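Notes for the one structure printed next.
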Amino acid sequence: MIVRRAAGEDMPYITRIAWRLALDYPGLDNDLFFVAEERGKIVGILGLKDFGDFLEMRAVGVLEEYRQMGTGRKLVEEALKSFKGKPVYLLTTIPRFYEPLGFKKADKIPAALKKDADWCAGCDREKCTAMFHLA
Numbered sequence: 517m518i519v520r521r522a523a524g525e526d527m528p529y530i531t532r533i534a535w536r537l538a539l540d541y542p543g544l545d546n547d548l549f550f551v552a553e554e555r556g557k558i559v560g561i562l563g564l565k566d567f568g569d570f571l572e573m574r575a576v577g578v579l580e581e582y583r584q585m586g587t588g589r590k591l592v593e594e595a596l597k598s599f600k601g602k603p604v605y606l607l608t609t610i611p612r613f614y615e616p617l618g619f620k621k622a623d624k625i626p627a628a629l630k631k632d633a634d635w636c637a638g639c640d641r642e643k644c645t646a647m648f649h650l651a
């Protein structure tokens, strides 16, 4: 398994995976992505939006048949390593996945991360947790 920064030619695959996993959002093609590749096939994605002082991690997903193999963990670790020293925030319904990777629950989040109802339409708001990672 190879985890790397996405290249421009990866965007159609990233978009397809994001749509398949219900992780697509307006502006997706403007974000920085990492991809997990298995035998030349993109099987996982991780998106980052740079706000200058901090990053937002979003659209983290792995195709069903490649889960439980450490793919998601490798994507997160590579992204964090690439932006070491910069705070990373995320909104998630699976905090248990991120806690062993050094993420903590955030009491406050930057105003730029407050989402409108359309953004959160696919999520269970009661299960949504804001988290942050400081390298």
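Quick note, the sequence shown lines up with residues 517 to 651 if you use this note's numbering. For each residue, glycine too, the CB sits at the ideal point set by N, CA and C. What you are looking at is a predicted structure, and each value in this text was computed from that prediction instead of being measured.
Am I right that residue i and residue j are in contact with their C-beta atoms under 8 angstroms? What's the rounded C-beta distance?
i    : j    : result
V576 : V559 : Not really, about 13 angstroms apart at Cβ, beyond 8 angstroms.
M647 : L606 : 5 angstroms
I610 : E553 : Actually they do not touch by this definition, with Cβ atoms about 23 angstroms apart.
A538 : I530 : 14 angstroms between Cβ atoms; not a contact.
Can you tell me whether residue i is buried or exposed? The criterion is at least 16 other CB atoms within 10 Å of its CB, across all chains shown.
i    : result
T587 : buried
K565 : buried
R555 : exposed
E581 : exposed
Under 7 angstroms between the Cβ atoms of residue i and residue j?
i    : j    : result
F549 : A628 : no
G563 : D547 : yes
F619 : H649 : yes
DSSP three-state call for residue i: helix, strand or coil?
i    : result
R555 : coil
G601 : coil
G543 : coil
L591 : helix
Could you please give me the residues that DSSP links to residue i through a beta bridge?
i    : result
V578 : G560
K565 : E572
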